[in-house]
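Under our numbering, the sequence shown has 478 at position 469, and the numbering climbs by one with no breaks.
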Amino acid sequence: MTRRELIGFLAALGGLAFSRRAVAQLLENPGSLYALPPYGDLTLLYLTDLHGQLRPHYYMEPPNLLAPQPLLGQPGYLTGEDFLRYYGVKPGSLMAYLGSYVDFKTLADRFGAIGGAPQITQLIRTQKEAAGGPVLVLDGGDDWTNSGPSLRTQGEALVDWMNLTGFQHMVYHWEYTLGRARVEQLEKKLKAQVLSYNTTDDSFGDPVYPTHAVYPAGKYSVGVIGLTYPYIKVSHPEEFTEGLSFGLKEQDLQKTVDQLRSTGVDALILLSHGGLPLDTALARRIRGIDLILSGHTHDLTPVRLQVGKTFVVAGGSGGKVVARIDLALRRGGIEDLRLNLLPVLSRALPEDPKAKALVDQVYRSNPDLLEPIAPVESLLYKRDTLYSTLDELACRAIEARYPEVEVVFSPGTRWGTTLLPGESLTLDRILAYTGFTYPEVYLFKLRGERLKGLLEDVASNVFTPDPFYQQGGDMSRTYGLTYTLNVDAPLGGRIQNLEVRGRSWDPNREYLVAAYGGRLQRLGVGVDQHTPRPVHELIVEYAKKEGRLNLPPRPNVQVPDRDYRLPGGA
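Following this line, the structure appears as structure tokens:
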């Protein structure tokens, strides 16, 4: 790489803002953005949290990542201007577009959609050729599920794509919502090897997968250990993983690390679906890990983080970037690590022909996925700690179908896409944030005391100051009620000033509640003669009836001790 190319690469990734002319030149000739010279002894190409998105799309980072006081300002809780300042990213740059919600609509128009399976495949192949040495292609999990193509093929389209792209190892989380039997069936076709030190069989406690794999890298050796999301049993209905156990199992991880070290492995990599806060905590507690590749929380680290002697890299989500990590090794560890986040700009990258044919076939077989349903007139986004316009759309659709319902719950998942004003809502985009294998909307009665207790339980999980006890995503979104959130209040005291439909909450009253994408219905008494329907069907009906969608953000939660922000111009 020439000095000029290096400067161009650094500018693209956040050092400088782009004029429209410069952006046009970049998109027409992206060579300087992706032309990296060989370096070191081993190259890692890392993708995580694709969530089944095979086509280019938009994905706005959250306006808010609320954190308890001890975790404020730390990686894993950085968004907006805080993200830009912490990582030294210039507003208006490509990295500002990839990693922040600031000026999102302007930058989306400037740089275009991100992701796309054919583009990712081509990028990985060209980077493998350019690396000049051994390469490992790794997936951090949450790949097979949560999209129209995934649901229609029960994950097979994503396995076919992974095989075509050449992934060598992966770890699991949402994959298990396909059901254990289906996962095991797909594994017979999968060419990548699943790694997991913390997945065991309930019958005998034996590991279900290899805990690790070891590779030569010139005169050195590198071990890769897999970490399945520890709290699958908490996140999803238990029947999906019947007969399996997970958990963090720190002692087992330390034992695996020590065993590999005793055999002379020089460097150890943890391929983790634990999330950035948990992974940074693990880096402080587990001795001997050189690098953690972090997935699950969708965080993006523009620069390598270092916790003690351990490097940490988080790879984002939705196919925004492929992380190229070049390792210069030494006896017993990593001498140097060079991180380049390669943006998957759909307008700049060529498409791999075979991957394109695969994606085209999926959509030819499911033409209804791309049929326009209704024009979008306001920004529809998903990710936030407390609220999103996509969740409000789902809740309004449920209310329209069941007007007698008083409170609606929508799950605080992190995955989804963003729709810009002027786009059309399609079933493909609806399923991008409602693509559950358990999408049914349930009606049930819940006493007021239990309703508030439920909100307190979720808040306790989300805002615990110890990452080892965070067992879910963002707060469940609510419709029909309002409340004040005190993030740092003691257990049981975070939810205040609760009102339902404009009236003070009554702990003794029985409320009619609707929920989907979880197990909340088990907490109440089901409504007789109610037939659950998938939430995406209700959204389609509502959108067609409305004719157009205009949902300016109107959060129903006040957070007086935090600067709660809305996306500008949304």
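Even glycine gets a Cβ: it sits at the ideal position worked out from N, Cα and C.
Selected residue, minimal CA-CA separation from residue i, among the options
| i | options | result |
| --- | --- | --- |
| LEU300 | PRO381, ARG313, GLU360, LEU309 | ARG313 |
| ALA602 | GLN530, HIS221, SER41, GLN505 | With the chain represented from 10 up to 579, any question about residue 602 goes unanswered, as that position is not in the structure. |
| GLU555 | ASP369, GLY149, ALA406 | ALA406 |
| TRP170 | THR154, PHE120, ARG571 | THR154 |
| THR394 | SER419, LEU291, SER230 | SER419 |
| GLU259 | ARG294, LEU358, LYS114, THR491 | ARG294 |
| PRO430 | THR491, THR115, VAL223, VAL385 | VAL385 |
| GLY444 | PRO158, GLU401, ALA76 | PRO158 |
| GLY188 | TYR218, VAL231, PRO246, GLY232 | PRO246 |
| ALA122 | VAL353, THR487, ASN73, ALA366 | VAL353 |
| LEU204 | THR186, SER397, GLN128, VAL180 | VAL180 |
| THR130 | THR162, LEU173, GLY235 | LEU173 |
| ARG296 | THR306, HIS307, THR265, GLY283 | THR265 |
| ARG270 | VAL417, TYR229, LEU291, HIS282 | TYR229 |
| TYR411 | VAL536, ILE241, PRO569 | VAL536 |
| GLY526 | ARG503, PRO448, PRO84 | PRO448 |
| GLU184 | THR237, GLY317, PRO219 | THR237 |
| GLU413 | ARG510, LEU532, PRO219 | ARG510 |
| LEU45 | ILE334, VAL111, ARG531 | ILE334 |
| SER485 | PRO47, SER254, VAL417 | VAL417 |
| ALA1 | ASP148, ARG340, GLY457 | What the structure shows of the chain is the stretch from 10 to 579, and residue 1 is not part of that stretch, so it cannot be assessed. |
Where residue i falls: helix, strand or coil (DSSP)
| i | result |
| --- | --- |
| VAL417 | strand |
| THR443 | helix |
| SER355 | coil |
| PRO216 | strand |
| LEU87 | coil |
| THR154 | coil |
| HIS66 | strand |
| THR394 | coil |
| ILE241 | helix |
| ASP437 | helix |
| PRO47 | coil |
| VAL467 | helix |
| THR250 | helix |
| TYR206 | coil |
| THR460 | The sequence shown places Leu at residue 460, not Thr. Of the three classes helix, strand and coil, the one that applies to LEU460 here is helix, per DSSP. |
| ARG347 | strand |
| GLY542 | Before going further, note that residue 542 is Arg rather than Gly in the sequence given. If DSSP states are grouped into helix, strand and coil, ARG542 belongs with the strands. |
| LYS365 | helix |
| VAL266 | helix |
| GLY108 | helix |
| GLU432 | coil |
| PRO225 | strand |
| PHE453 | strand |
Per-residue burial, residue i [other beta carbons within 10 Å of its own, 16 or more giving buried]
| i | result |
| --- | --- |
| HIS545 | buried |
| GLY324 | buried |
| GLY327 | buried |
| GLY489 | buried |
| LYS391 | buried |
| ASP210 | exposed |
| ALA357 | buried |
| VAL539 | Here residue 539 is His; the residue named in the question, Val, does not match the sequence. So HIS539 ends up on the exposed side. |
| THR310 | buried |
| VAL566 | buried |
| ALA21 | Because the pLDDT of ALA21 is 47, which lies under 50, any placement of that residue in the model is unreliable, and the question is left without a value. |
| GLU251 | exposed |
| LEU500 | exposed |
| ALA366 | exposed |
| ASP475 | exposed |
| GLU584 | Because the chain here runs from 10 to 579, residue 584 falls outside it and cannot be looked at. |
| SER212 | exposed |
| LYS114 | buried |
| TRP214 | In the sequence as presented, Trp is not what sits at residue 214; that position holds Gly. By the 10 Å Cβ count, GLY214 comes out exposed. |
| PRO564 | buried |
Check: With a cut-off of 8 angstroms, do at least 3 Cβ pairs link the segment 416-431 to the segment 94-103?
Finding: Not touching, per the Cβ criterion.
Checklist line | alpha helix (DSSP H) runs wholly inside the segment 113-142, at least 4 long, in chain order | finding: Taking only runs of at least 4 residues, the alpha helix (DSSP H) segments lying wholly in the segment 113-142 are 113-120, 126-140.
Next item on the list: Determine, using beta-carbon pairs with one atom in the segment 44-62 and one in the segment 365-377, whether at least three such pairs fall under 8 angstroms.
Entry: No: fewer than three Cβ pairs fall under 8 angstroms.
Notebook entry, point to check: Is the segment 430-448 touching the segment 373-386, taking contact as three or more C-beta pairs under 8 angstroms?
Noted result: Verdict: yes, contact present.
Next item on the list: Decide if the segment 318-338 is in contact with the segment 289-309; the criterion is three or more beta carbon pairs, one per stretch, under 8 angstroms apart.
Entry: Contact annotation: the segment 318-338 touches the segment 289-309, with at least three C-beta pairs closer than 8 angstroms.
Next item on the list: Check whether the segment 177-196 touches the segment 150-165, counting contact only when three or more Cβ pairs, one atom from each stretch, lie closer than 8 angstroms.
Entry: Yes: at least three Cβ pairs fall under 8 angstroms.
Checklist line | contact_flag[the segment 467-484, the segment 57-65] where n(CB pairs < 8 angstroms) is 3 or more | finding: By the criterion of at least three beta-carbon pairs nearer than 8 angstroms, the segment 467-484 is not in contact with the segment 57-65.
Note to self: Check whether the segment 546-566 and the segment 495-502 touch, using three or more Cβ-Cβ pairs below 8 angstroms as the test.
What the structure shows: The answer is no - the segment 495-502 does not touch the segment 546-566, with fewer than three Cβ pairs under 8 angstroms.
Item checked: Contact the segment 473-483 vs the segment 446-460: 3+ CB pairs below 8 angstroms -> Of all C-beta pairs linking the segment 473-483 to the segment 446-460, fewer than three are shorter than 8 angstroms, placing the two stretches out of contact.
Next item on the list: Tell me the start and end of each unbroken beta strand (DSSP E) in the segment 480-523 that is at least 3 residues and wholly inside, in chain order.
Entry: For the beta strand (DSSP E) assignment, the uninterrupted runs of no fewer than 3 residues enclosed by the segment 480-523 are, from N- to C-terminal side, 486-488, 490-494, 504-509.
Notebook entry, point to check: In the segment 270-345, which residue ranges form an unbroken alpha helix (DSSP H) of at least 4 residues, counting only runs that do not cross its ends?
Noted result: Listed in chain order, they are 285-294.
Note to self: Counting beta carbon pairs with one atom in the segment 340-348 and one in the segment 106-114, are three or more of them shorter than 8 angstroms?
What the structure shows: Cβ pair count under 8 angstroms is below three, so no.
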